[in-house]
Amino acid sequence: MSDTSNRGSSEAFLEHLEVERNLSRLTIRNYRHYLNRFSDWFESQGHHRVTELNQDLLRGYRVYLARFVDEQGRTLSKRTQSYHIIALRSWMKWLVKQDVEVLNPEKIDLPKAESHQTKFLSSQHIERLLAQPKLSDQTGLRDRAIMEVLFSTGLRVSELVSLNRDQLDTSRREFGVVGKGRRPRVVFLSDRAADWLERWLRSRKDDWRPVFIRMSGSQPDITSDGEQMRLTTRSVQRLVDSYSRRAKLPIKISPHSIRHSFATDFLANGGGLRDIQEMLGHKSISTTQIYTHLTRPQLKRLHQKFHSKL
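Here the sequence shown is numbered in the numbering used here, starting from 1 and rising by one per residue.
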């Protein structure tokens with residue numbers, strides 16, 4: 001490989017992810033974001049070739065991520081810092097396969113993961129959250145539809161924002177998505193979620209492809225496909241956080257918390273672990289088993305009801 005510049009070699013790596021690994025557009029966009037942040041920092045240190053990366057510079061980059069604060073005063077969580085390092089290590093592994101002499105990727109350790117408990121909401125808290133958007137404007141209608149769909153389907157936020165109108169058939173109350181690892185699955189809409197989704201789509205005057213679009217900023221021509229209007233995962237995370245604070249919920253939640261709440265609600269009402277594995281799009285049942293401890297109160301009631309009293 002002749003081009004060992006930061007920008008050139010990272011772009012070649014991203015093309016590899018797209019063409020040979022067949023990763024989703026959203027995954028590639030995330031990798032580009034993480035690698036661009038590294039390149040910006042690396043060049044600010046006076047380095048322009050990836051072959052110049054060493055352990056001292058890597059340590060400096062970790063410190064930079066740990067201390068990073070954006071214009072809104074937001075920092076990077078340990079998990080987000082880890083995503084940056086994962087992207088960097090994957091890039092190094094690919095370069096090694098291209099016979100480029102770079103820092104040994106095996107020496108790039110991931111940050112220690114934060115210990116966190118799975119967060120989910122009770123049905124009462126979910127209802128309180130869903131009631132927060134102001135339905136007097138189109139933004140509130142969109143946001144209500146977003147949260148209803150999240151809770152009804154258990155979609156990942158990345159899957160939600162990737163939805164296109166031609167995927168949906170609300171009359172059937174089901175539609176297909178392609179999730180992590182390019183694994184397809186079918187998800188289901190409750191009558192209520194389908195109703196809010198239809199109300200949101202009827203309120204729109206455009207024919208843009210994305211199901212969920214931003215409501216501010218510059219707009220493309222009405223005849224375009226509207227891709228640049230597509231809502232981002234970060235925007236959905238912010239709106240869920242805003243409504244959860246407005247609802248005065250007892251825990252800080254995210255779109256992923258709504259996904260957890262969907263799974264917990266399903267299991268608490270008699271659903272099986274294998275069923276929820278399929279609905280969530282988990283490759284392994286071991287991933288789904290994080291929910292088993294969440295339904296212990298129900299299991300205790302079943303035990304008391306059916307177990308021998310001897």
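Beta carbons are placed, not taken as given, at the ideal position from N, Cα and C, and that holds for glycine.
Start and end residues, beta strand (DSSP E) containing residue i
i	result
residue 176	174 to 178
residue 25	Counting along the chain, residue 25 falls outside any beta strand (DSSP E), though it belongs to the alpha helix (DSSP H) covering 25 to 44.
residue 21	Residue 21 -> no beta strand (DSSP E), and no H or E assigned at all.
Environment of residue i [buried if 16+ CB atoms lie within 10 Å]
i	result
residue 227	exposed
residue 282	buried
residue 84	buried
residue 109	exposed
residue 154	buried
residue 244	buried
residue 250	exposed
residue 63	exposed
residue 6	buried
residue 308	The predicted position of residue 308 is uncertain, since its pLDDT is 48 and thus under 50; a value taken from the coordinates is nonetheless stated next. So residue 308 ends up on the exposed side.
residue 144	buried
residue 90	buried
residue 277	buried
Closest residue to residue i among the options (Cα-Cα distance)
i	options	result
residue 129	205, 61, 248	248
residue 191	146, 183, 171	171
residue 37	22, 8, 88	88
residue 289	264, 195, 133	264
residue 156	234, 14, 3	234
residue 40	10, 17, 165	10
residue 121	33, 266, 279	266
Cβ-Cβ separation, residue j to residue i (assumed contact under 8 Å), whole Å
i	j	result
residue 274	residue 285	7 Å
residue 160	residue 236	7 Å
residue 82	residue 111	5 Å
residue 146	residue 188	With 8 Å as the limit, residue 146 and residue 188 do not qualify as a contact, their Cβ atoms being about 17 Å apart.
residue 92	residue 142	41 Å between Cβ atoms; not a contact.
residue 96	residue 51	Contact doesn't hold; Cβ gap of about 12 Å is too wide.
residue 203	residue 138	5 Å
Opposing strand residues paired with residue i [DSSP bridges]
i	result
residue 75	69
residue 210	164
residue 13	Answer by DSSP bridge pairing: none, since residue 13 is not bridged.
residue 5	49
residue 184	178
First through last residue of the alpha helix (DSSP H) which encompasses residue i
i	result
residue 262	255 to 268
residue 102	Looking at the DSSP string, residue 102 is not in any alpha helix (DSSP H), and its letter there is neither H nor E.
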